[in-house]
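*Asks:*
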Amino acid sequence: MSDTHGWKQTITTSDSPTNLFIRLAVGCVFLPEGIQKLIFPEILGSGRFADIGIPWPELMGPFVGWVELICGLFILLGFATRVNAIPLTGIMIVALISTKVPIWLGEDWWIFNVRELDRYGFWSMAHASRTDWAMLMGSIYLLIAGAGRWSVDAWLTRRKYSRLAD
Numbered sequence: 058m059s060d061t062h063g064w065k066q067t068i069t070t071s072d073s074p075t076n077l078f079i080r081l082a083v084g085c086v087f088l089p090e091g092i093q094k095l096i097f098p099e100i101l102g103s104g105r106f107a108d109i110g111i112p113w114p115e116l117m118g119p120f121v122g123w124v125e126l127i128c129g130l131f132i133l134l135g136f137a138t139r140v141n142a143i144p145l146t147g148i149m150i151v152a153l154i155s156t157k158v159p160i161w162l163g164e165d166w167w168i169f170n171v172r173e174l175d176r177y178g179f180w181s182m183a184h185a186s187r188t189d190w191a192m193l194m195g196s197i198y199l200l201i202a203g204a205g206r207w208s209v210d211a212w213l214t215r216r217k218y219s220r221l222a223d
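For our numbering, count along the sequence shown from 1 and bump the result up by 57.
1. Should Arg80 be labelled buried (16 or more other beta-carbon atoms within 10 Å of its own) or exposed?
2. For Gly163 versus Val151, is the C-beta spacing smaller than 9 Å?
3. Going by DSSP, what residue range makes up the alpha helix (DSSP H) through Gly91?
4. Beta carbon of Pro89, beta carbon of Gly104: below 9 Å?
5. Suppose you measure from the CA of Val86 to the CA of Ile111; what does that come to, to the nearest Å?
6. Determine the DSSP secondary structure at Trp166, reduced to helix, strand or coil.
7. Under the rule that 16 or more other beta-carbon atoms within 10 Å means buried, what is Thr160, buried or exposed?
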């Protein structure tokens, strides 16, 4: 297989214009969350990561902030959408494991610390994880379907193949 085929598989997208709404939902959550991890590190970045029990919080807080910022922006633009959905999917899996499993159990679990809440258990976990699940499913959807008709990916694909047709 040529390198061109690999690039085509990465940026080729479904033709659905509705993918824009999924991109807006995912990008409009991750972009500002990434920015906030960087400008409020004690509350949402390295400080929060240390409280949760994330290893190397001084490294991981800014790293996750930059990944969310960059991937969120690229998802909004529809640029390399499938590639950018991969780290966001991973971030959401880690978020669910590190913050929601301890809420479900009502105690520290593995290396992760439970935060103080009024209640614990399944329903408390379900309530606290609703955005996490939405972002995980949105990221997986974009990984599978791509950016959609109104995206940089679609524009690049049309441009490349119109040149080949000439």
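In this text, a Cβ means the ideal position worked out from N, Cα and C, and glycines have one as well.
*Replies:* On the basis of the data shown:
1. Here residue 80 corresponds to residue number 23 of the sequence shown, with the count starting at 1. Its Cβ being crowded by 16 or more others within 10 Å, Arg80 is buried.
2. Locating residue 163 in the sequence shown gives position 106, where the first residue counts as 1. Locating residue 151 in the sequence shown gives position 94, where the first residue counts as 1. For Gly163 and Val151, no; Cβs fall outside 9 Å.
3. If you number the sequence shown from 1, residue 91 lands on position 34. Counting along the chain, the alpha helix (DSSP H) containing Gly91 begins and ends at Asn76 to Ile96.
4. Residue numbering aside, residue 89 sits at position 32 when the sequence shown is read from its first letter. Residue numbering aside, residue 104 sits at position 47 when the sequence shown is read from its first letter. Result no, Cβ atoms of Pro89 and Gly104 do not sit closer than 9 Å.
5. Taking the first residue of the sequence shown as 1, we reach residue 86 at position 29. Taking the first residue of the sequence shown as 1, we reach residue 111 at position 54. Roughly 21 Å separates the two Cα atoms.
6. On the sequence shown, position 109 is the one that residue 166 refers to. It is a strand residue.
7. Reading the sequence shown from its first residue, position 103 is the one you call residue 160. Looking at the sequence itself, residue 160 is Ile, so the reference to Thr does not match. By the 10 Å Cβ count, Ile160 comes out buried.
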